[in-house]
Amino acid sequence: MLELLIALAPLTVALEPPRASVARVDEPVRLAEWPELDSAARRGLKTEIAKLRKARTEEMEADARVALAAIGPGAAPDLLAALGKAKADDEAERIETVLTELVGAAHTRLLAREFADKAERVRVYCLRTAALHPDAGIAAESVAALAAARQAGAKAERPPAEDEELFAAALAATSSGSLDALDVLLARARSSWKRDGLALRTALVAVRGKEATLALLPKLREGDDDAKEAVLNVLSACGDRDEAVPYLRPFLDSETNSLRIATINALRAIVDGAEPLENISVFDAIERARKWKGRL
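For the record, in the sequence shown the residue sitting at position 43 is 42 according to numbering that gives the first Met the number 0, with numbers rising by one throughout.
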């Protein structure tokens, strides 16, 4: 019955209240080079990175972090090189923590230069970080990284939903405006939306619109409830109101509460520009679904 309702959903629907307004966000300045360091900063950089990598105590780590923060983003190239040489996860985590304090939207083009670095840690970090700051200017590098990650993952026979480099490349490609990685993001949305939902939403917002929506809507007729829930979650980030809403309404009547909740959150995002709700009870979901049906 649900499939029939989806198929018969009207192509247009009157909605109230009016479409949520979207504030204009100015494009950040994207740097072409890392800031140059003066001679004093350059002399201290090697010492502080060595201290951070060894960090036998919390005080040693804290001292290095403060010193590197004072040096600024110009320390990033050396920190990335150190990340590629890290021999243990805790060492890599310390370096990434400092990098995250220094690197931001201004540095996406510089991070893109490292998408093909020989060290997987560096590739994954740069891809994930660039994806946090959507930039159409890194589309070519991101799509190339996605293709390389697909090839490497297939050769290693890694399941796409568990391939961290493939996921990082998919985030970067999507955040730069490509739809080539929707399959990868759907797989991750199904396996770990709670853990990775924020990263997924950040990247998917960059492709919000009719094209992404039309690519996803047919998948609402495929697979089991978990697969459909993943589609609804992805649509919440990139769905076009006019195209998506008529096909979402039938899921408000779903007997599966998780589908009902995913639909409510998708409608909240697409129609009202609102954040998703968490920990909704069955009773609350039924009441919210009733109210949404009254609006649609």
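Even for Gly, the Cβ is constructed at its ideal location relative to N, Cα and C.
Note to self: So the candidates are 30, 143 and 165; which of them puts its Cα closest to the Cα of residue 73?
What the structure shows: In the sequence shown, residue 73 corresponds to position 74, counting from 1. It is 30.
Check: Pairing CB atoms from the stretch 89 to 102 with CB atoms from the stretch 153 to 166, are three or more of them under 8 Å?
Finding: no
Check: Does the distance from the C-beta atom of residue 269 to that of residue 229 stay below 8 Å?
Finding: The sequence position of residue 269 within the sequence shown is 270, counting from 1. The sequence position of residue 229 within the sequence shown is 230, counting from 1. Going by C-beta atoms, residue 269 is not nearer than 8 Å to residue 229.
Notebook entry, point to check: Got a sec? Which residues, its chain only, sit under 8 Å from residue 182 by beta carbon, not counting five neighbours each side?
Noted result: Counting from one through the sequence shown, the residue named residue 182 turns up at place 183. Taking residue 182 as the centre and dropping the five residues before and after it, the same chain places the C-beta of 159 closer than 8 Å to its C-beta, in chain order.
Checklist line | Whole-angstrom distance between residue 155 and residue 195, CA atom to CA atom | finding: Within the sequence shown, residue 195 is the residue found at index 196, counting from 1. Within the sequence shown, residue 155 is the residue found at index 156, counting from 1. In a straight line, the C-alpha of residue 195 is about 23 Å away from that of residue 155.
Check: Which value, in whole angstroms, describes the spacing of the CA atoms of residue 38 and residue 50?
Finding: Stepping through the sequence shown from its first residue, residue 38 is reached at position 39. Stepping through the sequence shown from its first residue, residue 50 is reached at position 51. Looking at the two C-alpha atoms, the distance is approximately 19 Å.
Item checked: Counted within 10 angstroms of its Cβ, other Cβ atoms place residue 285 as buried (16 or more) or exposed -> On the sequence shown, position 286 is the one that residue 285 refers to. By the 10 Å Cβ count, residue 285 comes out exposed.
Next item on the list: Give every residue of the same chain whose Cβ lies closer than 6 Å to the Cβ of residue 66, excluding the five residues on either side of it in the sequence, and list them in chain order.
Entry: In the sequence shown, counting from the first residue as 1, residue 66 sits at position 67. For residue 66, where only same-chain residues beyond five positions count, the Cβ hits under 6 Å are 47.
Item checked: Under the three-state DSSP convention, the category residue 117 falls into -> In the sequence shown, residue 117 corresponds to position 118, counting from 1. Residue 117: coil per DSSP, three-state reduction.
Notebook entry, point to check: Whole alpha helix (DSSP H) runs in the stretch 33 to 82 with 4 or more residues, listed along the chain?
Noted result: 38 to 53 and 57 to 70
Check: Terminal residues of the continuous alpha helix (DSSP H) containing residue 245?
Finding: Along the sequence shown, read from residue 1 onward, the residue named residue 245 stands at position 246. Residues 240 to 247.
Margin query: What residue range does the alpha helix (DSSP H) around residue 141 cover?
Written below: By 1-based counting over the sequence shown, the position of residue 141 is 142. Looking at the DSSP string, the run of the alpha helix (DSSP H) that includes residue 141 is 138 to 155.
Check: Secondary structure at residue 206, three-state DSSP: helix, strand or coil?
Finding: The residue labelled residue 206 in the question sits at position 207 within the sequence shown. Residue 206 falls in the helix class under three-state DSSP.
Check: How is residue 254 classed by DSSP in three states: helix, strand or coil?
Finding: The count along the sequence shown starts at 1 and reaches residue 254 at position 255. Residue 254 sits in coil when the DSSP states are folded into three classes, being neither helix nor strand.
Note to self: Going by C-alpha to C-alpha distance, which of 177, 116 and 132 sits closest to residue 141?
What the structure shows: Counting from 1 along the sequence shown, the entry for residue 141 is found at position 142. The shortest Cα separation from residue 141 among 177, 116 and 132 belongs to 177.
Next item on the list: Below 7 Å CB to CB, which residues in the same chain sit around residue 206 once its five sequence neighbours on both sides are set aside?
Entry: Numbered from 1 along the sequence shown, position 207 holds the residue referred to as residue 206. 173, 176, 178 and 237.
Item checked: Spatial neighbours of residue 130 in its chain, beta-carbon cut-off 6 Å, leaving aside the 5 residues before and after -> If you number the sequence shown from 1, residue 130 lands on position 131. Around residue 130, the same chain offers 170, 171, 174 and 202 as residues with beta carbons nearer than 6 Å, after the five sequence neighbours per side are excluded.
Item checked: Own chain, CB closer than 7 Å to residue 95, minus 5 neighbours either side, in chain order -> Position 96 of the sequence shown holds residue 95. Around residue 95: 82 and 124.
Check: Among 293, 241, 26 and 28, which has the Cα closest to the Cα of residue 208?
Finding: Reading the sequence shown from its first residue, position 209 is the one you call residue 208. Taking only the C-alpha atoms, the option nearest residue 208 is 241.
Item checked: Residue burial classification, residue 250 (beta-carbon count within 10 angstroms, cutoff 16) -> Indexing the sequence shown from 1 puts residue 250 at position 251. Classification of residue 250: buried, given that the 10 Å Cβ count is 16 or more.
Check: Between which two residues does the alpha helix (DSSP H) carrying residue 111 extend?
Finding: Start at 1 with the first residue of the sequence shown, and residue 111 comes out as number 112. That run of the alpha helix (DSSP H) goes 107 to 111.
Next item on the list: Reducing DSSP to helix, strand and coil, say where residue 85 ends up.
Entry: Counted from its first residue, the sequence shown places residue 85 at position 86. Correct three-state label for residue 85: coil.
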